[in-house]
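Have a look at the structure below before the remarks.
2 protein chains.
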Amino acid sequence: MTTPPKTSTKALPPGAQRATSHDVARLAGVSQSTVSRVFRDGASVTQATRDRVEAAARQVNYRPSRAARALTSNRSGMIAVIATKPSHRAHPEVLYDLGEEIQAAGHRQLVFVLPEDRVDVATVHDILSYNVDGLISCAVLDDDAIEACHAARVPVVLFNRESPAMPVASISCDHGAGLHALFARLAAYGTPEITYLAGPAKSFVSASRLTGVREAAAAAGFAIATVLQGDYSFDFGRKAMTELGGSGVVPRILLAANDAMALGAIEACRRDLGLRVPEDVAIVGYDDVPQASWPSFELTTLHQPVRDMAAAAVSMATARMDVPEFQSEVRRLGATLRLRGSA
Amino acid sequence: MTTPPKTSTKALPPGAQRATSHDVARLAGVSQSTVSRVFRDGASVTQATRDRVEAAARQVNYRPSRAARALTSNRSGMIAVIATKPSHRAHPEVLYDLGEEIQAAGHRQLVFVLPEDRVDVATVHDILSYNVDGLISCAVLDDDAIEACHAARVPVVLFNRESPAMPVASISCDHGAGLHALFARLAAYGTPEITYLAGPAKSFVSASRLTGVREAAAAAGFAIATVLQGDYSFDFGRKAMTELGGSGVVPRILLAANDAMALGAIEACRRDLGLRVPEDVAIVGYDDVPQASWPSFELTTLHQPVRDMAAAAVSMATARMDVPEFQSEVRRLGATLRLRGSA
DNA sequence: TCAGGAAATGACTTCGTAGTCAAAGACTAA
DNA sequence: TTAGTCTTTGACTACGAAGTCATTTCCTGA
């Protein structure tokens, strides 16, 4: 398995300490205060001194210590992001999207990968001990946890989640328009009845999608024949569809709470049941993962604007950083229908 | 698009400052030093005082400030991870894997999402300004950049990359055994010739896979008929295969530098060329992404042990944190053959 | 040329914890 | 009991930059 590690050692240069503002000050012939001012915005420094200081700083590779800065100004330049293990299934790139946006906003992303889909006060206190300037959570936060952030004046943004009780800033997805368009389209099949493959019961996203589907179906005069509770996996979609086929009740229209299950169902139709999509079964997913557009699948799905949601989350967080009073806001970006071959 | 934001404001409790070690000390009737000792490991405190201090700390939700701790002890409890934009294509879950391992090791993951696949000294100095305890890079680092980390006594681990010149710790993938097994299998087709869909020229991973394939092919008596330079995308794989088919030279065996291109090639065979896989064309990928095992594709591929590599990277980093002298080590985990239907 | 005001700069203190050192307390052996 | 060792504790300072305030410098207009 492992190549026998070729290990070698090498002595390090001895006096390799990072330069401080005092070092730069001495080198540039100014005071430490002045060096500090050069590296702070809104400071008033002569262009000449600024040049001298910057030259000196460059010479010794000086960068202000974030730790020291955090201590005095209470701003660390970091935004914490809570990500849960299962959350990466549908959109593994979320951390990259958020990371880019955070970076672009001049901050850094401190990631906490946590096992559970619910985060408590203890975790938040740990996060707060890093003096983060903001918190974006892809997990559900306890009311206490949110309260703790508010008390510490750290803006919180819930990502793809909303808090039912606590007032808090959140960015999530509005299913309304997309689902409306979808059902308008599905009406063409002449069978106003759907089968729904839902996500896990306790998941916020799952619940909100189910609600959205129920409302849109009702509005469009559709009945929901069956709701099967799944786990967002390809395999579940495949098995569920196979079982439906085996029991003789093949749905005319199948909606899934995410793309993986929808793709699994398509597989089941083709491989296991010998059914054609969309001629025999129309199948619709949710998310618009890259594979949805692959020619093998051509999955009609609801596109969730993850990238835009990430940008919104970061801008909501940064906007609140300098505002002393807490601001609640429920923001939703619309999901759009991606009409492809499967329905 | 956006729901009219229901914005409400709410006054914050006034004296909501985070508790300090002094507060806890006062509450517990001890000195600040003692509080500090309780929250440090290897300290010597009586059980009785420890209990009192911990009770007081719990009462006011005290956690030591990481910023202050970083300032005095020069340990921030964070490991920086450099991730590049394109790197997420094959294994978007890397940040989750690394994140979990880092968390398990008692540290936090500070993510830098950067556009380029090459990182210079300036970036590293920025990273070092956060006082990180280690750096795991999924991007190529300049020699200067590595040098800067060494000088700052911050252990560096290159992830899925190796540095040709600089001595450094790295964890990457050994293609040897897996490719050997693959070619042994491919010999059954009786056509000792392959076509290879490579990755981008400047990419380290791409280059190392190409080298691996060349060596294994030579060892097994295979010729490489064509090498096409791709971009790791599904679309490129599909187009490349279609063009090969259109020009009349359909390869008997096609190897791709990643799964996405291989899957694209399978698509092209089925949809565009009417060829059967593996009867007409045998196709092999690299990575073992989830879709490779989907019944639609059944892609034979080389599995890259990302999870294990993440664990190794973190343990290599943490192991070096308390060691004063720098230790170089080239560690490789073997890719294993996942034999499925496509070859 | 000089007064008045704005801009630039430096001395000093602060942030919250870790570590150093010395003092006090507990315990052991004779 | 007493000297000697080990453990526990507290006073004090360092860490590196930011902010406060006082001082100096630079301009402007009369």
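Those sequence lines, one after another, are chains G and U.
The first sequence stops at residue 343 when you use the numbering used here, and every number in between is there.
The second sequence stops at residue 686 when you use the numbering used here, and every number in between is there.
Note that the Cβ used here is the ideal one computed from N, Cα and C, for glycine as well.
Contact between G/I136 and G/V205 does not hold, since the beta-carbon distance rounds to 16 Å and is not under 8 Å. DSSP links G/Y286 through a beta bridge to G/L302. Rounded to whole angstroms, the separation of the alpha carbons of G/E193 and G/D280 is 14 Å. For the region 267-290 of chain G, residues whose beta-carbon sits nearer than 8 Å to a beta-carbon of chain U comprise E267, R270, R271 and P290. Look at U/V454: its C-beta is under 9 Å from a C-beta on chain G. DSSP places U/M664 outside any alpha helix (DSSP H), giving it a letter other than H or E. G/Y196 places its beta carbon less than 9 Å from that of G/L210.
Counting along the chain, the unbroken beta strand (DSSP E) around U/F455 starts and ends at R451 to L457. According to DSSP, G/D174 shares a beta bridge with G/G334. With respect to chain U, the C-beta atom of G/Q103 has a partner C-beta closer than 9 Å.
Restricting attention to U/G591, U/V620 and U/P510, the CA atom closest to the CA of U/A605 is found in U/V620. At a cut-off of 9 Å between C-beta atoms, U/H365 does not count as an interface residue with respect to chain G.
The beta carbon of U/N503 sits closer than 7 Å to those of C481, S515, C516, V548 and M652, all from its chain and outside the five residues before and after it, given in chain order. Taking 9 Å as the threshold, the shortest C-beta distance from G/D142 to chain U does not fall below it. Residue pairing by DSSP puts U/R461 in a beta bridge opposite U/V483. Under the 9 Å criterion on CB atoms, G/E162 is classed as non-interfacial with respect to chain U. Here G/E101 is buried: its Cβ has 16 or more other Cβ atoms, across all protein chains shown, within 10 Å. Fully enclosed beta strand (DSSP E) runs of no fewer than 3 residues occupy 596-599 of the region 584-617 of chain U, in order along the chain.
Contact annotation for U/S590 against chain G: no contact, minimum CB-CB distance about 21 Å [criterion: below 7 Å].
U/M509 is not bridged by DSSP to any residue. In the DSSP secondary-structure assignment, G/L158 is bridged to G/S137 and G/S170. Taking a cut-off of 8 Å on C-beta distances, the region 485-498 of chain U touches the region 507-514 of chain U, as three or more cross pairs fall below it.
By the criterion of at least three beta-carbon pairs nearer than 8 Å, the region 599-618 of chain U is in contact with the region 293-307 of chain G. From the beta-carbon of G/N131, the residues of chain U found nearer than 8 Å are S408, R409 and A410. Residue pairing by DSSP places G/I194 opposite G/I224 in a beta bridge. Counting other Cβ atoms within 10 Å of its Cβ, U/S590 stays below 16 and is therefore classed as exposed. Per DSSP, U/T554 is one residue of the alpha helix (DSSP H) stretching across F547 to A562. Secondary structure of G/S129 (DSSP, three-state): coil. Nearest neighbour of U/D366 by Cα position, chosen from U/D384, U/P407, U/R451 and U/A391, turns out to be U/P407. For G/E329, the three-state secondary structure derived from DSSP is strand. In this structure, DSSP gives U/Q390 a helical state, which the three-state scheme calls helix. A residue is called buried once 16 or more other Cβ atoms fall within 10 Å of its Cβ, and U/E610 is buried on that count. Taking C-beta atoms as the reference points, G/V53 and G/A83 fail to come closer than 9 Å. In terms of Cα proximity to U/L680, the closest of U/F565, U/Q634, U/F526 and U/S551 is U/F526. Beta-bridge partners assigned by DSSP to U/V424: U/V454 and U/I479.
Residue pairing from DSSP places G/Q229 in a beta bridge opposite G/A198.
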